[in-house]
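Once you know that position 145 of the sequence shown is 145 in our numbering, the rest is easy, because the numbers rise by one and skip nothing. Don't be surprised by glycine CBs; every beta carbon is placed ideally from N, CA and C.
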Amino acid sequence: MEKTQERKGEKPPGGISKHIYKIVLTGGPCGGKTTGQLRLSTFFENLGWKVFRVPETASILLSGGVKFSELTEDEGDCLVSSLSVYIYFLLSRSFLFQESLLKTMMQIEQSYFSLAESNSHNCLIICDRGAMDASAFISLEKWEKIMQRNRLNAVDLRDSRYNHIVHMVSAAYGAEQFYSIEDHSCRSEDLELARKMDNLAAKAWIGHPYFDVIDNCTDFESKMKRMIQTVCQRIGIDTSDRLAKNAKKRKFLVKAPLSPLEAFPPFQDFDVVHDYLSSAREQQQARLRKRGQKGHWNYTHTMRKPEMAGQVVEVRTQITHRDYLNLLTQRSPYHVSVYKRRRCFLWKNLYFQLDIYQEPCHPRCKKLMLLETYTQLDGEMLKEALPPFLDIEKEVTGDPHYSMYNLSLKEDWTNNSRYCKKLPDGIRITNGSLLKSQESDESVIITPSEAVKIKMTKQKDKREIPGIKTSGQHK
Numbered sequence: 001m002e003k004t005q006e007r008k009g010e011k012p013p014g015g016i017s018k019h020i021y022k023i024v025l026t027g028g029p030c031g032g033k034t035t036g037q038l039r040l041s042t043f044f045e046n047l048g049w050k051v052f053r054v055p056e057t058a059s060i061l062l063s064g065g066v067k068f069s070e071l072t073e074d075e076g077d078c079l080v081s082s083l084s085v086y087i088y089f090l091l092s093r094s095f096l097f098q099e100s101l102l103k104t105m106m107q108i109e110q111s112y113f114s115l116a117e118s119n120s121h122n123c124l125i126i127c128d129r130g131a132m133d134a135s136a137f138i139s140l141e142k143w144e145k146i147m148q149r150n151r152l153n154a155v156d157l158r159d160s161r162y163n164h165i166v167h168m169v170s171a172a173y174g175a176e177q178f179y180s181i182e183d184h185s186c187r188s189e190d191l192e193l194a195r196k197m198d199n200l201a202a203k204a205w206i207g208h209p210y211f212d213v214i215d216n217c218t219d220f221e222s223k224m225k226r227m228i229q230t231v232c233q234r235i236g237i238d239t240s241d242r243l244a245k246n247a248k249k250r251k252f253l254v255k256a257p258l259s260p261l262e263a264f265p266p267f268q269d270f271d272v273v274h275d276y277l278s279s280a281r282e283q284q285q286a287r288l289r290k291r292g293q294k295g296h297w298n299y300t301h302t303m304r305k306p307e308m309a310g311q312v313v314e315v316r317t318q319i320t321h322r323d324y325l326n327l328l329t330q331r332s333p334y335h336v337s338v339y340k341r342r343r344c345f346l347w348k349n350l351y352f353q354l355d356i357y358q359e360p361c362h363p364r365c366k367k368l369m370l371l372e373t374y375t376q377l378d379g380e381m382l383k384e385a386l387p388p389f390l391d392i393e394k395e396v397t398g399d400p401h402y403s404m405y406n407l408s409l410k411e412d413w414t415n416n417s418r419y420c421k422k423l424p425d426g427i428r429i430t431n432g433s434l435l436k437s438q439e440s441d442e443s444v445i446i447t448p449s450e451a452v453k454i455k456m457t458k459q460k461d462k463r464e465i466p467g468i469k470t471s472g473q474h475k
C-alpha cells in the first residue's frame, strides 16, 4: 500500500493547516449507522486521515444498567398515545434522563474534538447520533426547558456544532424484509415504532444547512457507497470512479402565493442576510452570510477567486460576530443586501430548502421563491418527489438569472458589465476544503485553512424533468 506523508504521522504537506470535519450519523433503527461508521472510517483511514468514532451515548447508558421501565414519568405524557405499541421509546418519560443524556453526550464529544485539535493529521469525527437527537423523543416544552437550564440554543447546538448531518433511513422504510433487531442487544422496536422513530430523528435535524438523507432506494451496498460519496462531496474529496456520483443540486422556481403553513410538513424557518463586499481584484467576489433563528446567529465569509485551470474556487470561513460587523463596512456599492426567509423541511426522504425573498429587496426579487434539493433522482421520479403543495413553475438549475450574485445587482441587467452570464463548473474551498461549485449559498463549516489541490471532475447538468420547464432567458 502506498504511504503518504500523513500516514507517516507528519503534518499535511506545504505548511497547510489540517482539516477537522465533524459529522453526525443519525436515523431510525436498522438504518445502517453501525456498518456505515465502520465503512466510512476505513475509507478515510485509507486516505491518510485520522478517524475518531464517538459512541452513542444512549447505548453507553443502557449497557451500563439504565432501564426505561424504572424511569419516572416526571410530569410527562408519552408523545404519541395513539401508538398500539405499549412502550413508546420511553426516553420521553424522563426529563432528568434526557438532560443528563445531552450533557454527557456533549462532554464525550468535546473530548474527541479536543483530541482532534491536538492531532497533526486531517481528522474526521464521526458521531453516532448528535445533540439534537435527544430532542426527538421529548416534548418541545421539555426540550426548551433543558435548553434554558443549560444556557443552550438551537442555532449553536444544531447548526454550528457539527459540519454535516447524514440521516440513514431505517430499513423499516422501503427495505422491510431486511429489518431485524436480533443482533442489537439494546433494541426492542417493532416495525411501526421503528418508522416513527426514524421520522422523529429526521425532524430533529431539520434546519441544519448540510443535511443529507440516505434512503433505501438501492441495495445495502449501494446505500453505503452513497453515504460515503455524500460525505466526500461535502468535504471536497474526489473519489473518481470509485463511487457512484449521481447526486446533483437542483433548483426550481416556485410560483406565488406561498401555500398556507398547514400544507407544509414540519419545518424550520431561518432569517438569512447576504451582503457582497468590495474586492480589490475585479474578478474576485466576496460576500457575507448571516443566518439565524430567534435572535441567535452564525456568520460566514466567502471569497470566490478568479478561474484557475477552468475552475472556480471559493474559500468559506466561519467568523465571529465582531468580524462580521467589521467586514460589513466593506459592502459593495454595486449590490443590495439580500434578505431571505429560508424554510427547511423533509418530503419523501428529500431535504428541501425554500428561499422566500423578503423586503427590502430589488424589484426583480419581489415575491421570488426558489426551492433547492440535493438528489440523484431525475425525470419522472424527481417530478413525483417534488412537494405537491408548492406550485413549481420550472427548473432553473444553472440559470444565471437566478444566481444570487446577479439578483443582488443594484443596476438593471441590460448592458450591465457586472452581470455574470455564465455559472462555470468548478470547485469550492470551504475553510480550506474543496467542494464542487454548484451555485449554492450553503457550504460546510470546518477549521479555517489554506487551499489543498484536489483533482475534481467537472460535470454539467442540463437534464430536463418531464412536465417541468427548463429555465431559459427572461424576456
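Closest by C-alpha distance to GLU56, when choosing among ILE126, SER120, SER118: ILE126
For HIS19, three-class secondary structure by DSSP: coil
Which residue wins for smallest C-alpha separation from ALA116, given the options TRP49, VAL169, ILE146? TRP49
Nearest neighbour of CYS323, chosen from TYR334, LEU191, THR302 [CA to CA]: The question names Cys, but residue 323 is Asp in the sequence shown. Selected option, being the one with the closest Cα: THR302.
In angstroms, rounded to a whole number, what distance separates the CA positions of LEU371 and ASN150? 35 Å
Report the three-state DSSP secondary structure of LYS251 (helix, strand or coil). strand
Name the DSSP bridge partner or partners of ASN298? ARG291
8 Å CB neighbourhood of ASN406 in its chain, flanking five on each side removed: PRO400, TRP413, TYR419, CYS420
Mind checking PHE389: buried by the 16 CB within 10 Å criterion, or exposed? exposed
Whose CA, out of SER259, VAL231, GLN358, lies closest to the CA of ILE23? VAL231
If contact is defined by three or more beta carbon pairs under 8 Å, each pair taking one atom from either stretch, is the segment 163-174 in contact with the segment 135-148? no
According to DSSP, is PHE97 part of a helix, a strand, or is it coil? helix
Among TYR210, LEU386, PRO363, ASN163, which one has its Cα closest to the Cα of PHE264? LEU386
Per DSSP, which one or two residues make a beta bridge with PHE220? DSSP output for PHE220 lists no bridge partner at all.
For CYS365, I'd like the list of residues in its chain whose CB is within less than 7 Å of its CB, leaving aside the five on either flank, ordered along the chain. TYR357, LEU407
Only counting the same chain, and skipping five residues up and downstream in sequence, which positions put a Cβ closer than 7 Å to that of ASP391? VAL254, LYS255
Does DSSP put THR34 in a helix, a strand or coil? helix
Across which residues does DSSP place LYS421 in a beta bridge pair? DSSP lists no partner for LYS421.
Can you name, in chain order, every residue of its own chain whose Cβ lies under 6 Å from the Cβ of ARG250, other than the five neighbours on each side? THR373, THR397
Extent of the continuous alpha helix (DSSP H) run through GLN148: 140-149
Going by other Cβ atoms of all chains shown within 10 Å of its Cβ, with 16 needed for buried, is MET404 buried or exposed? buried
Report yes if the C-beta distance between ILE228 and ARG39 is below 8 Å; otherwise report no. yes
Please report the Cβ distance between ARG158 and GLY207, rounded to the nearest whole angstrom; I am assuming they are in contact, meaning their Cβ atoms lie under 8 Å. 6 Å
DSSP beta-bridge partners for ASP271? GLY292, ARG341
Give the C-beta separation of GLN285 and ARG304 to the nearest angstrom, bearing in mind that I take them to be a contact with Cβ-Cβ under 8 Å. 4 Å
Could you check where the beta strand (DSSP E) with GLU393 kicks off and where it finishes? 392-395
By the DSSP assignment, the beta strand (DSSP E) with MET381 in it spans what residues? No beta strand (DSSP E) holds MET381; the alpha helix (DSSP H) holding it covers 379-385.
Three-state secondary structure (DSSP) at THR104? helix
What does the alpha-carbon distance come out to for the pair LYS394 and LYS383? 11 Å
Assuming HIS321 is part of the alpha helix (DSSP H), what are its boundary residues? 321-328
Please report the residue range of the beta strand (DSSP E) in which MET369 lies. 369-375
Taking the C-alpha atoms as reference points, what is the distance between MET308 and ASP238? For MET308, the predicted model reports a pLDDT of 47, less than 50, meaning its position is unreliable; a value from the coordinates is still stated below. Their backbone Cα atoms lie some 17 Å apart in a straight line.
When the Cα of PHE345 is compared with those of ASP133, PRO29, PRO266, which residue comes out closest? PRO266
Using the three-state DSSP reduction, which class does GLN318 fall into: helix, strand or coil? strand
DSSP bridge partner residues for GLU364 (one or two, in chain order): Residue identity differs from the one stated: residue 364 is Arg in this sequence, not Glu. DSSP, once it has assigned bridges, lists no residue as partnering ARG364.
From this set, MET197, PHE137, TYR162, which residue's C-alpha is nearest GLN110's C-alpha? TYR162
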